[in-house]
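Visitor: Residue numbers (our numbering): 587 to 759. Even glycine gets a Cβ: it sits at the ideal position worked out from N, Cα and C. Please read all numbers here as calculations on a predicted model, not as lab measurements.
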Amino acid sequence: MTTNAQPLVHSVAGDVLAAELRRIGVTHVVTVPDTMQRTLTAALEAQGDPVLVPVCTEDEAMGVNAGLYATGHRPMLLIQNTGFYASLNTMRGIALDAQIPTFIFVGDFGRDPTKPISESPARVRFTAPTLKAWGIPYYRLDGPDDVSALDGAFAQAYERRGPVVVIIGAATA
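#1: Given a threshold of 16 other Cβ atoms within 10 Å of its Cβ, counted over all protein chains shown, does residue 673 qualify as buried or as exposed?
#2: Buried or exposed for residue 705, please, with buried defined as at least 16 other CB atoms from any protein chain shown within 10 angstroms of its CB.
#3: Anyone know if the C-beta pair for residue 651 and residue 616 falls short of 8 angstroms?
#4: Could you check if residue 685 is buried or exposed, using at least 16 other CB atoms within 10 Å of its CB as the buried criterion?
#5: Which residues bound the beta strand (DSSP E) around residue 670?
#6: Would you kindly work out how many angstroms separate the C-alpha atoms of residue 726 and residue 756, rounded to a whole number?
#7: In the DSSP assignment, the beta strand (DSSP E) including residue 712 goes from what residue to what residue?
#8: Pull up the DSSP beta-bridge partners for residue 724, would you.
#9: May I ask you to report which of helix, strand or coil DSSP gives residue 568?
#10: What's the gap between the Cα of residue 601 and the Cα of residue 625?
#11: May I ask you to report which of helix, strand or coil DSSP gives residue 587?
#12: Below 8 angstroms, how does it come out for the stretch 663-671 and the stretch 685-704: are there three or more Cβ pairs, yes or no?
#13: What residue does the alpha helix (DSSP H) around residue 627 start on, and which one ends it?
#14: Could you check the C-alpha separation between residue 711 and residue 739 for me, to the nearest Å?
#15: Short check: CB of residue 748 to CB of residue 654, under 8 angstroms?
#16: Do residue 660 and residue 611 have their CB atoms nearer than 8 angstroms?
#17: Taking the beta carbon of residue 627 as the centre, do at least 16 other beta carbons fall within 10 Å, making it buried, or is it exposed?
Now the structure itself:
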């Protein structure tokens, strides 16, 4: 029996996200390669504004983000959930303790868009509870209608001088 399950989350075009990041004032996007957000990465690379800054690890991304902020820029991070977990100690030191505004897109790697999060692998199920436990505000980008929340989320990172996460629920289109 074949089922045609309808998606619970929907892709957002990479060029739409790149344009919105530019509109809200992001100057640099520090990224570790992420298959969930590859069309966003391609759009940023093609457009050149915001500037795409590829790095090797999420810990390195946190440090580069802090350096860009310290020199007057308005950067953000583009990573996936597994790398987010790997960088929690660095996030604690830089974004929380040093109070560096850290706006992060976290790709929900491993999520099946036709299934609820409760039926997803642990790396997907644990993202929101981990953010809650650390007191980190987060938003979900589960479709095109959620793009309008990015402006407020980005501003919140700067107002609170700390991390704010946007969980990307489906691979960008």
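Guide: Working from what's here:
#1: Working through the sequence shown from its first residue, we reach residue 673 at position 87. Counting Cβ neighbours within 10 Å, residue 673 comes out buried, since at least 16 surround it.
#2: Here the question's residue 705 lines up with position 119 in the sequence shown. Counting of Cβ neighbours within 10 angstroms places residue 705 among the exposed residues, the total staying below 16.
#3: The residue given as residue 651 occupies position 65 in the sequence shown. The residue given as residue 616 occupies position 30 in the sequence shown. The answer is yes: Cβ separation under 8 angstroms.
#4: As a working mapping, residue 685 is identified with position 99 in the sequence shown. Its Cβ having fewer than 16 others within 10 Å, residue 685 is exposed.
#5: One-based indexing of the sequence shown puts residue 670 at position 84. Premise fails: residue 670 lies in the alpha helix (DSSP H), 667-672, not in any beta strand (DSSP E).
#6: The residue labelled residue 726 in the question sits at position 140 within the sequence shown. The residue labelled residue 756 in the question sits at position 170 within the sequence shown. Distance from the CA atom of residue 726 to the CA atom of residue 756, rounded to whole angstroms, is 10 angstroms.
#7: Numbered from its first residue, the sequence shown carries residue 712 at position 126. Looking at the DSSP string, residue 712 is not in any beta strand (DSSP E), and its letter there is neither H nor E.
#8: On the sequence shown, position 138 is the one that residue 724 refers to. Looking at the DSSP assignment, residue 724 forms a beta bridge with 751.
#9: Because the chain spans 587 through 759 in this model, residue 568 falls outside it and cannot be assessed.
#10: Along the sequence shown, one-based indexing puts residue 601 at 15. Along the sequence shown, one-based indexing puts residue 625 at 39. Straight-line Cα distance between these residues: approximately 7 angstroms.
#11: As a first step, residue 587 must be located in the sequence shown, where it is residue number 1. Note that residue 587 scores 48 on pLDDT, short of 50, meaning its location in the model is unreliable; the coordinates nonetheless yield the value given after this. In the structure shown, the three-state DSSP call for residue 587 is coil.
#12: The stretch 663-671 and the stretch 685-704 touch, with no fewer than 3 CB-CB distances between them shorter than 8 angstroms.
#13: Residue numbering aside, residue 627 sits at position 41 when the sequence shown is read from its first letter. Start and end: 624-633.
#14: The residue given as residue 711 occupies position 125 in the sequence shown. The residue given as residue 739 occupies position 153 in the sequence shown. Approximately 22 angstroms between the Cα atoms of the pair.
#15: If you number the sequence shown from 1, residue 748 lands on position 162. If you number the sequence shown from 1, residue 654 lands on position 68. For the pair residue 748 and residue 654, the CB atoms are not nearer than the 8 angstroms cut-off.
#16: Reading the sequence shown from its first residue, position 74 is the one you call residue 660. Reading the sequence shown from its first residue, position 25 is the one you call residue 611. Taking the C-beta atoms as reference points, residue 611 is found nearer than 8 angstroms to residue 660.
#17: Residue mapping note: residue 627 aligns to position 41 of the sequence shown, counting from 1. When all chains shown are included, residue 627 counts as buried.
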